[in-house]
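Take a look at the structure below.
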Amino acid sequence: EITQLTKLARNFSLCIVCLSNAQWYEGQRTLITHIRRWKCMVIFVLFDNPFDYELLTSTDTCITSYGLRKVQLSSLVKVIAGEIRARGKAPFKVK
-8 EITQLTKLAR
2 NFSLCIVCLS
12 NAQWYEGQRT
22 LITHIRRWKC
32 MVIFVLFDNP
42 FDYELLTSTD
52 TCITSYGLRK
62 VQLSSLVKVI
72 AGEIRARGKA
82 PFKVK
């Protein structure tokens, strides 16, 4: 799957990569490593667990929705599209 995603990413200038509890799933952590080789701009979306942020670097772009409810996803899309400003705060000190 990672190989397929890497091939697909070559066709885009922007890729949005969604993670969910990546701290507990090796496949998602491996994906993060491969993504760093992609030529497109990447926005990481953290669902469920904002602490997945610890797997990213200070140069990665990320946003967390804190869940998958309709209102969270709707707001997430609006933030990414620049329609609204993100106003949430991380439950930890950001790098």
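Under the working numbering, the residue at position 46 of the sequence shown is numbered 37, and the numbers go up by one with no gaps. We put the CB at the ideal spot given by N, CA and C, even for glycine. Note that the structure is a prediction, hence the values are computed from the model and not measured.
For the beta strand (DSSP E) holding Ile71, just list the boundary residues, first then last. For the purposes of this step, residue 71 is taken as the residue at position 80 of the sequence shown. Where Ile71 is concerned, there is no enclosing beta strand (DSSP E), although the alpha helix (DSSP H) it sits in stretches over 61 to 71.
Going by DSSP, name the residue or residues bridged to Thr50. For the purposes of this step, residue 50 is taken as the residue at position 59 of the sequence shown. In the DSSP output, where bridge partners are listed per residue, Thr50 has none listed.
Ordered along the chain, which non-local residues of its own chain (more than five positions away) have a Cβ less than 7 Å from that of Leu46? Numbered from 1 along the sequence shown, position 55 holds the residue referred to as residue 46. Result list for Leu46: Ala13, Gln14, Arg20, Ile23, in chain order.
Going by beta carbon distance, what residues of the same chain come within less than 6 Å of Cys6, once the five residues before and after it are set aside? Indexing the sequence shown from 1 puts residue 6 at position 15. Closer than 6 Å at Cβ, skipping near neighbours: Ala0, Cys31, Val33.
As assigned by DSSP and simplified to three states, the class of Phe3: The count along the sequence shown starts at 1 and reaches residue 3 at position 12. Reduced to three states, the DSSP call for Phe3 is coil.
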